[in-house]
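A.B. asks: Just passing along the structure, written as structure tokens.
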Amino acid sequence: MPPWCTPAAAEDREQRHHAGPRDLTDEGRLPALAESTQELFRRSSRKDHAGTGDLQRRFEQAFGAPADQIVRSPGRVNMIGEHTDYNDGWALPAALDIGTDIAVRRRTHGLLRVRALRLDTNDERPLTDLRPGDGPEWTRYVRGCAALLRDTGHHLDGADLMIDSDLPLGAGLSSSASLELGILVALLATTGSDVKPTELARLGQRVENEIVGVDSGIMDQLAVASGVAGHLLLIDCRTLAVDPVPLPADVRILILDSAVPRSLAGSAYNRRRAECESALRVIQTAEPTVHALRDVTENLLALHQSRLTAVEFRRARHVIVENRRVLDGVVALRRGAVDEFGRLMNLSHISLRDDYQVSGPELDLLVGIATRAPGVLGARLTGAGFGGCAVALVTADHADDAAMAITAQYRRATGRPGSASICVPSNGAHVRSTVL
Ligand code: GLA
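Numbering (the numbering used here), first residue to last: 1 to 436.
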């Protein structure tokens with residue numbers, strides 16, 4: 001279960017995600033859709049959360065003194081390379097221009113005092129007792145980050161924090177990694193220490209694995225920690241090397257929210273991971289040099305197919321072929337072959353649907369509608385699956401029209417409040433302003 005994913009948060013998400021019209025009717029386009037365009041999509045760069053000035057003001061109101069620093073921690077979208085990270089493989093995410101803002105003030109009161117604006121709720125703990133047990137879901141992430149920093153030798157005196165976000169929560173855009181990395185950067189800012197993105201990502205992943213109990217890989221945290229504006233990030237999940245790949249100027253990233261909550265994501269996710277591990281163990285008995293599914297070729301998999309269950313075989317096949325799609329996709333992007341990249345995205349979705357079995361009727365429908373929309377080069381579910389968002393690559397000149405047409409059609413077909421955002425790859429978690 002992602003942080004803040006309460007009924008109240010879901011309602012809030014609805015309001016914010018569909019907030020405000022962008023007046024397309026003036027431009028005379030799509031007259032048939034004019035009435036409904038008002039809430040069909042938005043450009044992610046428009047701020048509809050508190051904004052840093054407002055965050056400062058609200059911080060001062062709540063805590064009686066201004067914040068020292070404001071941290072920005074992005075969400076992430078994965079363009080291709082799904083469920084490969086915990087198999088030592090490759091992924092190609094981007095940090096987004098929607099995310100979490102955290103205002104922080106160093107204190108010496110020995111407390112962690114936190115206000116979460118979107119939930120209109122607070123948490124206060126002494127730093128000597130950061131047990132996750134008795135708080136609501138989101139507090140486990142915050143307390144977990146502080147506890148892990150303390151346990152890894154960072155001295156915290158106390159902090160007041162205020163959290164705001166313009167990320168759709170629990171929609172597969174890593175609201176949890178965004179929160180984790182934001183809290184880590186904010187707390188570290190109170191200590192003056194500098195920690196490398198890779199190390200930050202590892203700490204965030206430990207919070208997820210050890211405190212929240214989802215056995216996730218490193219992709220989300222590494223993307224959120226290492227984002228580069230205008231670039232996708234080729235992540236080697238074995239070495240944790242991050243290689244920025246420019247997003248060609250003539251395309252846009254379109255995020256399509258199915259408005260299907262990611263139910264059972266945690267337990268089903270852990271099961272998929274266990275299935276990969278059992279496939280690996282079978283192959284390893286005959287191939288001792290294989291350390292992870294990343295080391296298994298398609299030929300090797302075929303050689304051992306008869307010793308695997310049908311499920312193990314399909315899970316392994318997805319991972320192995322998806323790794324190849326990531327590397328082929330990067331080659332295609334680097335030579336500007338965006339239609340080839342789109343084709344690989346489509347294949348990725350089919351593999352996630354049929355072999356990895358993490359899609360669902362609404363996501364399949366949304367991806368199907370998207371792939372038929374003018375200007376769309378490819379589309380697939382993004383993130384863990386089981387609900388949440390799809391991502392499409394679309395030519396820049398069709399992006400607005402595609403966003404509206406896809407969302408309108410999806411809404412008509414499902415009655416769900418789907419929506420779309422055109423997002424821009426952004427920088428990783430950082431202190432965005434220091435208040436002097
Ligand atoms: C979630 C996990 C990641 C990754 C994706 C699937 O987002 O947190 O580590 O496994 O699912 O690619």
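Every residue, glycine too, gets a C-beta built ideally from N, C-alpha and C.
1. Ordered along the chain, which non-local residues of its own chain (more than five positions away) have a Cβ less than 7 Å from that of Arg294?
2. Have a look at the DSSP bridge pairing and note the partners of His231.
3. Would you say Asp194 touches ligand 1, meaning its beta carbon is less than 6 Å from a heavy atom?
4. Leaving aside the five residues before and after Arg416 along the sequence, list all residues of the same chain whose C-beta is less than 6 Å from its C-beta, in chain order.
5. When you compare only the Cα positions, how much space is there between Lys196 and Arg380?
6. Shorter than 6 Å, the distance from the beta carbon of Gly89 to the closest heavy atom of ligand 1, or not?
7. So, for Leu440: in the same chain, excluding its five sequence neighbours on each side, which residues have a beta-carbon less than 7 Å away from its beta-carbon?
8. For a quick check, are the C-beta atoms of Pro132 and Gly227 less than 7 Å apart?
9. Where does Cys423 fall in DSSP's three states?
10. What does the Cβ neighbour count give for Pro31, buried or exposed, with the cut at 16 atoms within 10 Å?
11. Roughly how many angstroms lie between the CA atoms of Ser419 and Leu256, to the nearest whole one?
12. Ligand 1: which residues have Cβ under 5 Å from any of its heavy atoms, chain order?
13. Mapping the DSSP letters down to three states, classify Val376 as helix, strand or coil.
14. Under three-state DSSP, which class holds Thr108?
15. Rounded to the nearest angstrom, how far is the Cβ of Val358 from that of Phe386, given a contact under 8 Å?
16. Secondary structure at Leu344, three-state DSSP: helix, strand or coil?
17. Confirm, please, whether the CB-CB distance from Gln221 to Ala177 is below 7 Å.
18. Put Gly217 into one of helix, strand or coil per three-state DSSP.
C.D. replies: Concretely, from the data shown:
1. Walking along the sequence shown from the start, residue 294 turns up at place 294. Residues of the same chain with a CB within less than 7 Å of the CB of Arg294, apart from the 5 flanking positions on each side, are Asn87, Asp88, Gly89, Arg238 and Asn323 in chain order.
2. As a first step, residue 231 is located in the sequence shown; it is residue number 231 there, counting from the start. Pro246.
3. The count along the sequence shown starts at 1 and reaches residue 194 at position 194. Every heavy atom of ligand 1 is 6 Å or more from the Cβ of Asp194, so no.
4. Taking the first residue of the sequence shown as position 1, residue 416 is located at position 416. Closer than 6 Å at Cβ, skipping near neighbours: Ala259.
5. For the purposes of this step, residue 196 is taken as the residue at position 196 of the sequence shown. For the purposes of this step, residue 380 is taken as the residue at position 380 of the sequence shown. Whole-angstrom Cα-Cα distance: 32 Å.
6. Translated into the one-based positions of the sequence shown, residue 89 becomes position 89. Outside the cutoff, so no.
7. The structure shown does not extend to residue 440, since the chain spans only 1 to 436, so no value can be given for it.
8. Translated into positions along the sequence shown, residue 132 becomes position 132. Translated into positions along the sequence shown, residue 227 becomes position 227. Their beta carbons are not under 7 Å apart, which means Pro132 does not touch Gly227 by this criterion.
9. Sequence index remark: in the sequence shown, residue 423 carries index 423 (1-based). The answer is strand: DSSP assigns Cys423 an E or B state.
10. Position 31 of the sequence shown holds residue 31. Any reading at Pro31 is ruled out, since the residue's pLDDT is 24, under 50, leaving its predicted position unreliable.
11. Residue numbering aside, residue 419 sits at position 419 when the sequence shown is read from its first letter. Residue numbering aside, residue 256 sits at position 256 when the sequence shown is read from its first letter. A straight-line Cα-Cα distance of about 6 Å links Ser419 and Leu256.
12. Those residues placing their Cβ nearer than 5 Å to any heavy atom of ligand 1 are, following chain order, Glu82, His83, Asp85, Ser216, Gly217, Met219, Asp220, Gly383 and Ala384.
13. To locate residue 376, count along the sequence shown from 1; it is residue 376. Assigned with DSSP and collapsed to three states, Val376 falls in strand.
14. Translated into the one-based positions of the sequence shown, residue 108 becomes position 108. Thr108 falls in the coil class under three-state DSSP.
15. Residue numbering aside, residue 358 sits at position 358 when the sequence shown is read from its first letter. Residue numbering aside, residue 386 sits at position 386 when the sequence shown is read from its first letter. Indeed, because the Cβ distance is near 6 Å, the residues count as touching under 8 Å.
16. Here the question's residue 344 lines up with position 344 in the sequence shown. Three-state result, Leu344: helix.
17. Here residue 177 is taken as the residue at index 177 of the sequence shown, counted from 1. Here residue 221 is taken as the residue at index 221 of the sequence shown, counted from 1. Less than 7 Å divides the Cβ of Ala177 from the Cβ of Gln221.
18. Numbered from its first residue, the sequence shown carries residue 217 at position 217. Note: Gly217 maps to coil in three-state DSSP.
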